[in-house]
Amino acid sequence: MRLRRRWRALVAGAALACAATGCGGSTDAYVSLQNAMKSHITTADHRPVGSVSRTPHVHDTTRGATAHLSCLVVFTDGTSYTAAATIHNQNDGGRHNMPDSYSWDSPPPH
């Protein structure tokens with residue numbers, strides 16, 4: 042019984058730490074940033090994106106907060122670049138139900 046309580050305490054502590062730091066799996070913030078980057082870079086820069094990976098693993102942002110990430114963008118031709126990116130929660134002040142906004146560094150010329 043004592044081990045079970047310790048295990049629960051460890052799991053609960055890890056979950057709280059994860060929630061406090063914003064880690065987690067692919068969530069709306071992640072997926073939306075990834076999709077926005079893929080779509081924009083492919084369309085605007087005419088360079089098809091194969092994948093986008095991000096760190097840190099941001100689960101979500103709190104009202105009015107901005108998360109800063111580093112994204113590795115890999116193009117379908119095998120080249121890549123690292124972009125600084127942000128996810129900004131626009132729900133602050135009197136605004137509600139606003140979508141997150143995303144920004145990132147443009148790819149270098151090819």
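Here the sequence shown is numbered in the numbering used here, starting from 42 and rising by one per residue.
Cβ coordinates follow ideal geometry from the N, Cα and C atoms, glycine included.
Bear in mind that the values here come from a model prediction, so they are computed numbers and not experimental data.
#1: Can you list, in chain order, the residues of its chain with a C-beta nearer than 6 angstroms to that of Thr-127? Leave out the 5 residues immediately preceding and following it.
#2: Straight-line CA distance for Thr-96 to Ser-111?
#3: Closest to Pro-148 by CA distance: which of Ser-121, Gln-75, Ser-73 is it?
#4: Within its chain, find whatever has a CB closer than 8 angstroms to the CB of His-151; leave out the 5 residues flanking it on each side and keep chain order.
#5: Quick check: what's the CA-CA separation for Asp-86 versus His-98?
#6: What residues match up with Leu-113 in a beta bridge as DSSP calls it?
#7: Between the Cα of Ala-124 and those of Thr-103, Asn-130, Phe-116, spot the shortest distance and give me the residue it belongs to.
Looking at the coordinates:
#1: Stepping through the sequence shown from its first residue, residue 127 is reached at position 86. In its chain, beyond the 5 residues on either side, Thr-107, His-109, Ser-144 have a beta carbon closer than 6 angstroms to the beta carbon of Thr-127.
#2: Taking the first residue of the sequence shown as position 1, residue 96 is located at position 55. Taking the first residue of the sequence shown as position 1, residue 111 is located at position 70. C-alpha separation (whole angstroms): 5 angstroms.
#3: As a first step, residue 148 is located in the sequence shown; it is residue number 107 there, counting from the start. The shortest C-alpha separation from Pro-148 is found at Ser-121.
#4: In the sequence shown, residue 151 corresponds to position 110, counting from 1. Listed in chain order, the non-local C-beta contacts of His-151 below 8 angstroms within the same chain comprise Arg-88, Thr-120, local neighbours out to five positions each way being set aside.
#5: As a first step, residue 86 must be located in the sequence shown, where it is residue number 45. As a first step, residue 98 must be located in the sequence shown, where it is residue number 57. Just so you know, the alpha carbons of Asp-86 and His-98 end up roughly 26 angstroms apart.
#6: In the sequence shown, residue 113 corresponds to position 72, counting from 1. Partner(s): Ser-94, Thr-123.
#7: Taking the sequence shown and counting its residues from 1, the one referred to as residue 124 is at position 83. Nearest of Thr-103, Asn-130, Phe-116 to Ala-124, Cα basis: Phe-116.
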